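Numbering (our numbering), first residue to last: -3 to 345.
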């Protein structure tokens, strides 16, 4: 991976120029962003890889639902190859078409709540045609997708990794310059308990919009048996040492979260983000046995790519169920902002 970064390094300045030019165009002509007949809340980040956008998107959709606001999620559906685009995602959809994260969200939120599409505007229009019609759209990974107007822009920052080396791809992890943070309505610092608050607050004071800062964390609260659906609470019900595997942007965070939750592992294996893991399962089980593990464990995102009828293991396979914690102030702020007139236009206006 590092070698590839250096091979592509000469393209970095051209990429940076293109990003800056595109942002300037939208800054000068905000009317270029297409509008839809519903409020849009964007959840995104400045960097590549996982900052927890999908768990936060799920949390917000569920918090809005609890407040009586029906939210639908629109997503790019990275990794999915679809015959029809945009496409609603149902709990029994094929992950090869939808991508893993949208299917995970559909299984949590239920039917008629997630739409994937290469163009976010088209996906948003399709989502608003769902029945019952959503009151609001949450755009997953939307910070750089400025072609769709948003009423609120939630910027996520991993409190541990922060901004990496501060360089743009390919030599760093930034998708755009840090000055882009000035567009954000607020900053949501994930893995906040382990972050350097002083460094984050200084960064936000320099680059941010002056909006509020929220600190949230992720916690693995239970393990679900993949084949039976049986669930055990952590940490008291941990089923012995496990072998952990995942296909995430930053797998080390998952492995650390397991330890914090009281689910120790004897070994681990990481794959590239979004990689299908069914073909790897037999080898993973052999590796787990060799490590002395009593079972295997993966993330919900990985589990949706496995079929219980085809992907069976002799050792128990557990799915780590993760929740966002400490995000109540974020939900309260969001609901308060949604109560202001600009975010609740009458339908048809």
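The beta carbon of each residue, even a glycine, is placed where N, CA and C say it ideally should be. Since the structure is predicted, the reported quantities are computational estimates derived from the model, not experimental observations.
Cβ separation of residue i and residue j, assumed to be a contact under 8 Å, to the nearest whole Å
i           : j           : result
residue 311 : residue 281 : 6 Å
residue 253 : residue 216 : 5 Å
residue 123 : residue 70  : 5 Å
residue 259 : residue 238 : 6 Å
Residue burial classification, residue i (beta-carbon count within 10 angstroms, cutoff 16)
i           : result
residue 304 : exposed
residue 179 : buried
residue 84  : buried
residue 41  : buried
residue 130 : buried
residue 80  : exposed
residue 190 : exposed
residue 106 : exposed
residue 7   : exposed
residue 51  : buried
residue 10  : exposed
residue 273 : buried
residue 313 : buried
residue 73  : buried
residue 64  : exposed
Endpoints, the alpha helix (DSSP H) within which residue i is located
i           : result
residue 324 : 324 to 334
residue 250 : 247 to 257
residue 99  : 96 to 105
residue 200 : 193 to 203
residue 153 : Per DSSP, residue 153 belongs to no alpha helix (DSSP H); it is in the beta strand (DSSP E), 148 to 154.
residue 118 : 116 to 124
Limits of the beta strand (DSSP E) - the one that residue i falls within
i           : result
residue 220 : 213 to 221
residue 112 : 110 to 112
residue 23  : From DSSP, residue 23 is part of no beta strand (DSSP E) but of the alpha helix (DSSP H) over 8 to 24.
residue 240 : 238 to 243
residue 266 : 261 to 267
residue 224 : Taken as a continuous stretch (DSSP letters only), residue 224 belongs to no beta strand (DSSP E), as it is neither H nor E.
residue 186 : 182 to 186
residue 137 : No beta strand (DSSP E) contains residue 137, which DSSP labels as neither H nor E.
DSSP state of residue i mapped onto helix, strand, coil
i           : result
residue 318 : strand
residue 52  : helix
residue 166 : coil
residue 287 : helix
residue 63  : coil
residue 231 : coil
residue 177 : helix
residue 84  : strand
residue 299 : helix
residue 277 : helix
residue 68  : strand
residue 40  : strand
residue 30  : strand
residue 337 : Residue placement at residue 337 is poorly supported in this model, since its pLDDT is 47, which falls under 50; the coordinates still yield a value, given next. Helix at residue 337.
Straight-line Cα distance separating residue j from residue i
i           : j           : result
residue 198 : residue 206 : 11 Å
residue 24  : residue 335 : 28 Å
residue 132 : residue 183 : 21 Å
residue 276 : residue 94  : 21 Å
residue 225 : residue 97  : 20 Å
residue 13  : residue 331 : 37 Å
residue 219 : residue 256 : 14 Å
residue 126 : residue 317 : 28 Å
residue 118 : residue 204 : 30 Å
residue 18  : residue 140 : 10 Å
residue 235 : residue 144 : 46 Å
residue 101 : residue 134 : 12 Å
residue 285 : residue 26  : 57 Å
residue 321 : residue 212 : 6 Å
residue 114 : residue 138 : 12 Å
residue 329 : residue 307 : 43 Å
residue 200 : residue 278 : 46 Å
residue 157 : residue 323 : 20 Å
residue 325 : residue 288 : 43 Å
residue 247 : residue 32  : 36 Å
residue 86  : residue 46  : 24 Å
residue 343 : residue 120 : Per-residue confidence for residue 343 stands at a pLDDT of 39, beneath the threshold of 50, marking its modelled position as unreliable; no derived number is given.
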